[in-house]
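Asker: Take a look at this one; I'll ask things after.
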Amino acid sequence: GKRVLITAGPTFEAIDAVRGIINLSSGKMGYAIASAASNAGATVTLIAGPVHLPKPAVQKFVSVTSAEQMLEAVKKEVDDCDIFISVAAVADYRPQTYEPQKIKKVNQPLTLELVPNPDILHYVAHLEKPPFCVGFAAETEKLDQYAQKKRQQKRLPLIVANLAQEAMGANESTLILFDDQGKHILPQAPKTELARQLIKHIGLLLEK
Ligand code: PMT
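If you want it as C-alpha cells, here you go:
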C-alpha cells in the first residue's frame, strides 16, 4: 500500500494567552479522506489542527495548533510518504507578536499586525523529490480560475476546488478536480462519499 500524509482542519494563530485567529474548517473533509485512504489499504498519517471530531482509524495521528507547528510536523513525516494531500485550511497570516498575558481592554482602537505564514503545500511540492501532491482550493468566487492558478503556482498534479461558503463545516459538498486531463466534477454528496471518489481518482492518476 501507498503511504499517504494528510493535513486537516483549521490552524489556530494565538494573539494572547486566551485569544487567537481561527477559521470555519471543521476537519470533516480531511478526516473523511484519511478514512477513505485507510480503507483503500494505504498507510495513513494524519496531521490535524484543532477540531472536534473523533480520531479516525489511521496509522499515525499528530495534533497541532498553529501553521508553523503544522509545517514542522509535515517536515518530520514527509520523507516517508508517497502522496501528500493538503486539506487543512492553513491560516495565511498570524499575529506578528504573541502576548503571553491577557491583553487588557483600553478605550482605544487596537491594531493587530499580521505576518504571512509559511505555505506548507508549496514547501512540499517544491522539495527535490516531492511526493504526489494533491492541493485543495477553497474559494468564495471564480472557483475554476483561482483553482487552476493555484495548481500552476504550487506545481500540483491535482487540485481539488470547492466553494468555501458551501464546503466549510458542512457534511456534504461538491468537488471539482483539475489535473493534466482537465476538469472532473464530483457532484454533491456526503464528504465520506466524495473522499472515496477522490481516493479512487488519485489511484487512477498514479497508475498512469
Ligand atoms: O474542514 P471542513 O469543514 O470539512 O472543510 C473542508 C475545506 C473547505 C477546509 C477543504 O475542503 C479545503 O478546501 N481545504 C483547503 C482550504 C484552504 O486553505 O485553501 P486555500 O485555497 O487557502 O489553500 C490552497 C492550498 O494550499 C490548500 O491545499 C491548503 O491546504 C494549502 N496551504 C495554504 C496556505 C498555507 N499557508 N499552507 C498550505 O499548505
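In our numbering, the protein residues as written are 13 to 220. C-beta: ideal position from N, C-alpha, C; glycine also.
1. Are Lys203 and Asn174 close, meaning C-beta to C-beta below 8 Å?
2. Where does the unbroken beta strand (DSSP E) through Gly39 begin, and where does it stop?
3. For the ligand PMT, is there a heavy atom less than 7 Å away from the beta-carbon of Gly194?
4. According to DSSP, simplified to helix, strand and coil, what is Ile59?
5. Should Ala137 be listed as close to the ligand PMT, given that the test is whether its C-beta is under 7 Å from any heavy atom?
6. Leaving out five residues on either side along the sequence, give the residues of the same chain with a beta carbon under 6 Å from the beta carbon of Ala79.
7. Would you mind stating whether Thr19 and Ser98 have Cβ atoms separated by less than 8 Å?
8. Where DSSP assigns a beta bridge to Ile188, which residues make up the other side?
9. Taking the C-alpha atoms as reference points, what is the distance between Lys212 and Gln81?
10. Excluding the five sequence neighbours on either side, which residues of its own chain have a C-beta within less than 6 Å of the C-beta of Gln209, listed in chain order?
11. Could you tell me the boundaries of the beta strand (DSSP E) in which Ile18 lies?
12. Going straight from the alpha carbon of Glu219 to that of Val136, what length do you get?
13. If you run the structure through DSSP and keep just helix, strand and coil, what is Ser78?
14. To the nearest angstrom, how far is the alpha carbon of Phe73 from that of Phe190?
Answerer: In short, the structure shows the following:
1. No, the Cβ-Cβ distance between Lys203 and Asn174 is not below 8 Å.
2. Careful: Gly39 lies outside any beta strand (DSSP E) and carries neither H nor E.
3. No, since every heavy atom of the ligand PMT falls outside the 7 Å radius drawn around the Cβ of Gly194.
4. Ile59 falls in the strand class under three-state DSSP.
5. False, no ligand heavy atom lies under 7 Å from that Cβ.
6. Hits under 6 Å: Thr23, Val102, Ala103, Asn129.
7. Taking the C-beta atoms as reference points, Ser98 is found nearer than 8 Å to Thr19.
8. DSSP links Ile188 through a beta bridge to Ala173, Ile197.
9. Roughly 30 Å between the two C-alpha positions.
10. Excluding positions up to five away in sequence, the list reads Leu198.
11. Element bounds for Ile18: 15-20.
12. If you draw a straight line from the Cα of Glu219 to the Cα of Val136, it comes to about 22 Å.
13. In the structure shown, Ser78 sits in coil (DSSP, three-state: anything other than H, G, I, E or B).
14. In a straight line, the C-alpha of Phe73 is about 28 Å away from that of Phe190.
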